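Q: Just dropping this structure here.
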Amino acid sequence: MTRNNAEGPVDIRAWVRVCIAVAAVLAVLVVLIGAGVGSPGLSTWALAIGAVVAAATCWRRGRLFTGRARWGWSTIAAGVLSWGLGIGYTLVRYWPTGGTSEVPSPADTGYLGLLLLVPLGLLILPSASQPLANRARSVLDGMLVAASLVLVSWVFVVDGRLDPADNGLGFYLTLLYPLGDIVIGTMIGYMLPQRRALYRCSADLTFFGLGVAAFAVSDIGYAYLRMIHDYQAGNLIDLGWLIGFGLITIGAARPKDAEPLKSEFSPRLRTSGVLLPYAAVLAALFASVLFHLTTGHSSPFVAYTRSLLILLLIGRQVLTLLENRELTRNLEARVEDRTAELYAREQHFHALIRHSSDVVTVIDADGRVTYQSESMQRVFGYPPEVFVGRHYTEIVDAEVSMRLAEAMRQVAARPYATTTREVVHTHQDGRKRPSEMIITNLVDDPHVGGFVLNTRDISERKELQDQLVHEAYHDPLTQLANRALFRDQAATALRRSTELTVLHLDLDGFKRVNDSLGHLAGDQLLVQIADRIQACVRGEDLVARFGADEFAVLIETSDAETVARRILDDLEAPVEVGTRRIHVRASIGLADATLLDEPDAEQLLRNADLAMHHAKAAGGSAFVSFRAQMQEGLVERLELENDLRAALENHDLRLHYQPTVDLDTSEVVGFEALVRWPHPTRGMINPLDFIPIAEATGMIVPLGRWVLHEACRQAVEWSAAAGGRPLKMSVNVSVRQFDQPDFAETVAAVLAETGMPADRLCLEMTESVLMTDTEANLEQLVRLKALGLTLAIDDFGTGYSSLAYLRRFPVDTLKIDRSFVERLGGVLTGDTALTDTIVRLGKSLGMATVAEGIEEFGQLAALREMGCGFAQGYYFSRPVPAAEAGRLFLEGADTPVETSV
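Written as structure tokens, this is what we have:
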């Protein structure tokens with residue numbers, strides 16, 4: 001029952017208690033006065049107290065407002081109090097003697113105060129219609145109704161019953177009270193709809209109007225009893241005044257911001273209120289004519305009253321004319337403003353269409369162009385007037401025409417339906433421009449009457465997408481095919497024939513080149529090695545770089561050993577890197593597809609990799625063909641798998657943390673959690689050796705949950721130690737984890753167990769996670785985002801990312817792969833441009849960007865200039881144990897930190 005608003009609580013219950021109390025008091029007074037107990041003194045005292053209480057309540061209501069509302073209610077309160085002073089005079093003057101006040105008397109001064117002050121207060125109160133003519137018209141309407149009622153009453157009630165000796169000032173004064181009540185009631189009737197429009201609620205005046213109606217009943221009875229000399233104080237006539245003061249008290253006590261009453265002012269009721277004065281005048285005139293016909297003479301009172309009605313009607317019509325003129329001026333002004341607004345909107349629309357990057361075309365149901373936006377010339381080089389009035393098949397290529405016809409047929413049966421097509425338009429200069437066309441069926445729209453084509457040039461987007469596709473399937477350093485493209489090509493070749501061989505090549509001692517001469521020299525060496533390998537094979541053979549110093553060759557011939565020997569012989573010659581001559585050797589593994597039980601590209605690559613490791617174990621600088629006996633080496637892998645399972649059960653795994661640095665502030669803002677395995681006999685095992693085993697065996701699911709729980713727990717501990725300073729913890733998610741149907745519930749449980757705020761957890765996943773089973777993955781991502789955490793694409797740019805998917809998936813962060821970062825800091829290269837493009841792409845999509853693998857200041861400076869937000873790399877810190885990472889976070893790391901593993 002209590003409702004809060006901007007100004008405080010609105011307590012309806014208190015108002016209900018006031019209503020009950022007033023009703024109870026009135027009920028008691030009705031019983032007592034009806035039974036004649038204590039009359040007339042009880043009645044007079046009750047009227048005096050009721051008037052004072054009602055006046056005090058009205059004054060208190062005025063204190064709730066400011067401006068006109070406060071002054072209006074204060075004036076109304078003064079009017080009610082004036083009536084109370086009049087009855088107070090009667091109480092003091094006549095109650096001791098038990099007499100009844102004469103008319104006129106000083107008490108009438110107080111009664112007349114109500115008739116003057118209350119209308120004045122009503123005029124002061126604000127309403128939805130403020131013009132003075134409207135306010136004055138309500139007063140005139142009240143006087144018309146009142147005068148009409150007086151004339152009707154005179155003809156049918158008073159005439160013939162009034163003693164000529166009583167036809168004095170007292171008589172007319174008693175008539176003035178009900179007339180004043182009618183005027184006040186009419187004013188309130190006019191104000192109620194306007195007050196409702198202004199305040200949503202008019203309950204205060206509704207109850208006040210009902211109270212005035214009760215006054216009118218008592219004042220009419222009072223006048224009649226006075227006329228027949230039968231009025232005595234304390235009879236039932238007094239109940240109308242008592243009830244009136246009670247209703248005024250209830251209305252004024254209602255909360256200022258209470259909900260509106262259920263009643264509404266219907267248009268029919270408002271129309272009846274407008275016609276009421278005319279109906280009253282017609283009734284009065286009819287009574288006047290009837291009086292003249294039945295008596296055969298005219299009465300001065302009737303004549304004067306009729307003349308007053310005519311004057312009031314003339315005044316009302318003058319006010320109505322003034323009001324209509326004001327309304328006409330306002331309407332004309334609104335029409336002018338609306339016309340100017342419509343013209344401005346039309347010009348705004350034309351300006352938007354003219355300068356829009358979209359080309360807008362309207363084709364009617366017959367296929368003819370009815371509108372062509374001016375942007376056609378800017379986007380495709382053609383003047384718009386060339387197309388208007390022509391059939392669309394005459395102005396576009398045959399293929400585009402066919403696809404456009406198909407699209408229009410698709411949406412023709414559904415008004416306002418939309419479909420999208422990608423087509424290739426021809427620019428006026430002859431260039432082909434890939435375009436996206438949105439076709440909307442507005443044939444049934446009377447303002448359009450055709451199909452609306454929004455055409456957008458997407459050449460730049462296609463170029464960027466093609467570039468990303470190329471980077472997804474090619475090594476950025478050597479421009480050779482990468483592992484993904486090599487695997488796809490091998491699978492395709494296996495479907496054609498088994499007469500093919502895979503050569504897996506690994507350089508011997510390449511790490512020493514990087515360690516001694518630096519990564520730049522190592523990159524130059526790899527580029528020259530790639531050129532030599534390509535020179536040793538045929539044009540139709542595929543050469544790929546798998547990463548680091550690993551290469552592969554796909555040969556569709558049985559003479560693979562000759563190619564392997566040719567590569568080894570060519571690598572005998574030293575490679576010149578700058579002023580240095582470097583001798584390089586290689587180990588090559590050969591895998592023949594004819595040895596496979598079934599065509600499996602992955603198995604073929606694994607066989608070649610296994611043969612390469614046997615060649616390297618034999619001393620290098622040789623090639624070895626795969627044999628079935630080499631599978632025995634898998635026993636070691638099985639042992640490693642068993643050891644990993646035991647390590648997971650015994651909690652022997654550890655987490656290391658690599659800091660993430662804000663490039664604007666150079667502060668450590670988070671960490672990436674990386675799992676490490678200190679084997680009791682083999683030492684620290686490379687994650688690349690045991691993570692694939694965990695993936696293949698499914699152990700990655702419990703391992704991933706442990707990593708997530710430990711990382712969140714550690715983040716909460718560090719943040720608490722730093723006084724609540726926020727820390728972003730990134731955790732990698734594998735494909736196997738992501739495919740778990742309850743993965744989102746698992747993450748939610750970990751957050752609840754550790755107390756980790758969801759917005760401080762970032763889950764990182766590779767592009768391959770997003771590109772497979774798209775709909776299911778999108779649903780999984782939506783569930784994860786609903787938890788409040790952030791999502792990142794790891795190693796962005798090394799896989800295939802469709803821009804459409806990138807916009808569709810709720811991803812927050814792009815992590816730029818280290819292969820793009822390692823080429824930064826030197827001369828402007830394609831990698832620099834692509835990295836800058838990825839940073840700008842992330843900004844345009846509202847995503848943060850994190851650069852991985854920063855090792856030099858030049859790379860850091862380049863990324864800062866591009867506007868990249870965050871970074872990781874050895875330049876700041878290697879992945880370190882929890883204790884060291886906690887020190888970095890607590891002490892800050894705004895300078896590079898060199899830390900060994």
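Start counting the sequence shown at 1; every next residue gets the next number (full-length UniProt numbering). A virtual CB, placed ideally from N, CA and C, is assigned to each residue, including glycine. All values reported here derive from a predicted model rather than from experimental measurement.
1) Assuming V661 contacts A871 (C-beta within less than 8 Å), just tell me the rounded distance between them.
2) Within the same chain, show all residues whose beta-carbon is closer than 6 Å to that of R268, passing over the 5 residues directly before and after it, in chain order.
3) Does the beta-carbon of S263 have 16 or more other beta-carbons within 10 angstroms, so that it is buried, or is it exposed?
4) For residue 940, I'd like the list of residues in its chain whose CB is within less than 6 Å of its CB, leaving aside the five on either flank, ordered along the chain.
5) Helix, strand or coil for S263, going by three-state DSSP, please let me know.
6) Let's test the definition: count the other Cβ atoms within 10 Å of the Cβ of R61 and tell me whether it reaches 16, buried, or not, exposed.
7) Please state whether DSSP places R736 in a helix, a strand or coil.
8) Using beta-carbon positions only, say whether A480 and A530 come within less than 7 Å of one another.
9) From which residue to which residue does the beta strand (DSSP E) around P687 run?
10) With a cut-off of 8 Å on the beta carbons, I'd call T746 and R705 a contact; round off their distance for me.
11) For S497, is the classification buried or exposed, using 16 other Cβ atoms within 10 angstroms of its Cβ as the cut-off for buried?
12) Assign H656 to one of two classes, buried (16 or more other C-beta atoms within 10 Å of its C-beta) or exposed (fewer than that).
13) Quick one: any contact between the region 585–601 and the region 470–485, if contact means 3 or more CB pairs under 8 Å?
14) Take Y874 and list the residues in its own chain whose beta-carbon comes closer than 6 Å to its own, dropping the five residues that flank it on each side.
15) Tell me, which residues are paired with residue 923 by DSSP?
16) Within the same chain, show all residues whose beta-carbon is closer than 8 Å to that of M612, passing over the 5 residues directly before and after it, in chain order.
17) Using only the heavy atoms of the ligand SAM, determine whether one of them is closer than 6 Å to the beta carbon of T57.
18) For D794, report the span of its beta strand (DSSP E) as first-last.
19) For a minimum of 4 consecutive residues, which ranges assigned as the alpha helix (DSSP H) are wholly contained in the UniProt domain "GGDEF" (498–628)?
20) In this structure, how does DSSP classify P106 when only helix, strand and coil are distinguished?
21) DSSP three-state label for D652, please.
22) Say whether the region 733–745 touches the region 700–714, bearing in mind that this needs 3 or more beta-carbon pairs closer than 8 Å, one atom from each stretch.
23) Using alpha carbons as the reference points, say which of V880, E822 and P879 lies closest to A861.
24) Tell me which residues share the same chain as W677 and place their Cβ nearer than 8 Å to its Cβ, disregarding the 5 neighbours each side in the sequence.
25) Quick check: the region 549–567 against the region 596–603, are there 3 or more CB pairs under 8 Å?
26) Looking at the structure shown, is E672 part of a helix, part of a strand, or coil, going by DSSP?
27) Looking at H427 and F380, is the spacing between their C-beta atoms short of 7 Å?
28) How is V362 classed by DSSP in three states: helix, strand or coil?
29) Sort P106, A696 and V30 by Cα distance to Y89 and report the nearest one.
30) With G113 and W73 assumed to form a contact (beta carbons below 8 Å), what rounded beta-carbon distance in angstroms separates them?
31) Tell me whether Q859 is buried or exposed, calling it buried when 16 or more other Cβ atoms sit within 10 Å of its Cβ.
32) Indicate the three-state DSSP secondary structure (helix, strand or coil) for R421 in the structure shown.
33) Are the beta-carbon atoms of V362 and S375 separated by less than 7 Å?
34) Name the DSSP beta bridge partners of D662, please?
35) Please classify M187 as buried or exposed, where buried requires at least 16 neighbouring CB atoms within 10 angstroms.
A: Straight from the coordinates:
1) 5 Å
2) Legend: pLDDT at R268 = 49, less than 50; position of this residue unreliable, value from coordinates given subsequently. Contacts found: none.
3) Here the model assigns S263 a pLDDT of 46, short of 50, so the residue's position is not dependable, and the following value carries that caveat. Here S263 is exposed, its C-beta having fewer than 16 other C-beta atoms within 10 Å.
4) What the structure shows of the chain is the stretch from 1 to 901, and residue 940 is not part of that stretch, so it cannot be assessed.
5) Confidence at S263 is low in this model, with a pLDDT of 46, below 50, so the placement of that residue should be treated as unreliable; the coordinate-derived value is given next. Note: S263 maps to coil in three-state DSSP.
6) By the 10 Å Cβ count, R61 comes out buried.
7) In the structure shown, R736 sits in a helix (DSSP, three-state: H, G or I).
8) Per the sequence presented here, residue 480 reads as Leu, with Ala not at that position. Yes. Within cutoff.
9) Note, P687: premise wrong, no beta strand (DSSP E); alpha helix (DSSP H) at P687 to T697.
10) 6 Å
11) Classification of S497: exposed, given that the 10 Å Cβ count is below 16.
12) buried
13) no
14) So the qualifying residues of the chain are E855.
15) Nothing can be reported for residue 923: it is not among the residues displayed for the chain, which extend from 1 to 901.
16) H504, L505, D506, S587, I588, G589 and V624
17) Ligands displayed in this structure: none; no statement on the ligand SAM is therefore possible.
18) Element bounds for D794: T790 to F796.
19) 510–517, 519–535, 560–571 and 601–617
20) Residue state, collapsed to three classes: helix.
21) coil
22) Cβ pair count under 8 Å is three or more, so yes.
23) E822
24) Same-chain partners within the cutoff: L644, A647, D652, L653, R654, M684, I685, P687 and F690.
25) no
26) strand
27) Yes; because the gap between Cβ atoms is below 7 Å, this pair is in contact.
28) strand
29) In terms of CA proximity to Y89, P106 leads the group P106, A696 and V30.
30) G113 to W73, Cβ: 16 Å. No contact.
31) buried
32) The three-state reading of DSSP puts R421 in strand, counting E and B together.
33) no
34) According to DSSP, residue pairing for D662 in a beta bridge involves E667 and F870.
35) buried
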